[in-house]
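**Student:**
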Amino acid sequence: MVARPVLHGPDITRALRRIAHEVLESRRGEGRLVFLGIPTRGVALAARLQSIVDEIEPGTSSHGALDITLYRDDLARTPTRTPAPTRIPTEGIDDAIVVLVDDVLYSGRTIRAALDALADHGRPRAVRLAVLVDRGHRELPIRADFVGKNLPSSTSERVSVHLDEFDGVDEVVIEP
0 MVARPVLHGP
10 DITRALRRIA
20 HEVLESRRGE
30 GRLVFLGIPT
40 RGVALAARLQ
50 SIVDEIEPGT
60 SSHGALDITL
70 YRDDLARTPT
80 RTPAPTRIPT
90 EGIDDAIVVL
100 VDDVLYSGRT
110 IRAALDALAD
120 HGRPRAVRLA
130 VLVDRGHREL
140 PIRADFVGKN
150 LPSSTSERVS
160 VHLDEFDGVD
170 EVVIEP
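Residue numbers (numbering that gives the first Met the number 0): 0 to 175.
See below:
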């Protein structure tokens with residue numbers, strides 16, 4: 000069985016534009032926005048979202064990266080993970096509306112680790128979650144506030160996000 004594409008470049012762009020508008024609407028004009036991407040692809044998505052928001056409301060947002068490697072609950076099983084740099088904007092995250100950004104939401108364990116990591120960097124006014132794809136199968140009570148595409152899938156399938164910054168193409172595929 001071969002990989003099945005479910006989103007292409009224009010679909011991803013449209014989804015990110017919609018998410019950016021939803022983030023701005025939910026903010027109701029109050030508070031500074033900080034988009035923090037979870038490595039690897041969440042960082043690129045956070046930068047894209049921040050760029051779109053900056054086109055709409057210049058100067059109201061910034062972006063960075065939040066490494067969660069040492070906060071994961073599966074380090075004993077996969078100890079070979081290499082930490083990525085955490086980059087918090089210079090103004091910090093205290094009293095900001097932080098939008099955690101990831102490519103795929105699955106079990107919820109990555110987001111739990113991100114919340115733990117975030118607490119070590121400050122105290123945001125609020126934390127929201129934006130994902131390009133929500134595939135279900137949660138193991139923890141976590142849900143996304145902003146979703147590009149709900150994509151029901153089997154636990155035996157793999158949902159892969161390919162982004163131009165890393166893979167030379169924008170697409171989401173389901174692999175057997």
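We put the CB at the ideal spot given by N, CA and C, even for glycine.
Source: prediction; values computed, not measured.
For residue 21, which residues from the same chain have a beta carbon less than 7 Å from its beta carbon, with the 5 sequence-adjacent residues on both sides left out?
**Tutor:** 145
**Student:** Where do the N-terminal and C-terminal ends of the beta strand (DSSP E) with residue 9 fall, by residue?
**Tutor:** Unbroken run through residue 9 is the alpha helix (DSSP H), 8–26; no beta strand (DSSP E).
**Student:** Do residue 101 and residue 110 count as a contact pair if the criterion is CB distance below 8 Å?
**Tutor:** yes
**Student:** Does the region 13–20 come close enough to the region 63–71 to have 3 or more Cβ pairs within less than 8 Å?
**Tutor:** no
**Student:** Just to confirm my understanding: we take residue 165, look at its own chain, exclude 5 residues before and 5 after, and list those with CB closer than 8 Å. What are they?
**Tutor:** 39, 40 and 43
**Student:** Considering just the uninterrupted stretch of the beta strand (DSSP E) at residue 178, what are its terminal residues?
**Tutor:** The shown model of the chain, from 0 to 175, leaves out residue 178, and the question about it has no answer.
**Student:** Which residue or residues does DSSP assign as beta-bridge partners of residue 159?
**Tutor:** 172
**Student:** Less than 8 Å between the CB atoms is what I'm expecting for residue 33 and residue 60, so what's the real figure, rounded?
**Tutor:** 7 Å
**Student:** Just tell me which of 104, 77 and 116 has its CA closest to the CA of residue 86.
**Tutor:** 116
**Student:** Roughly how many angstroms separate the alpha carbons of residue 153 and residue 58, rounded to a whole number?
**Tutor:** Near 41 Å, if we compare the C-alpha coordinates of residue 58 and residue 153.
**Student:** Put residue 52 into one of helix, strand or coil per three-state DSSP.
**Tutor:** helix
**Student:** For a test of the three-state rule: what should DSSP assign to residue 139, helix, strand or coil?
**Tutor:** coil
**Student:** Could you check if residue 27 is buried or exposed, using at least 16 other CB atoms within 10 Å of its CB as the buried criterion?
**Tutor:** exposed
**Student:** Here's the rule: buried if 16 or more other CB atoms are within 10 angstroms of the residue's CB, otherwise exposed. What is residue 6?
**Tutor:** buried
**Student:** Expressed to the nearest angstrom, what Euclidean distance is found between the alpha-carbon atoms of residue 46 and residue 171?
**Tutor:** 18 Å
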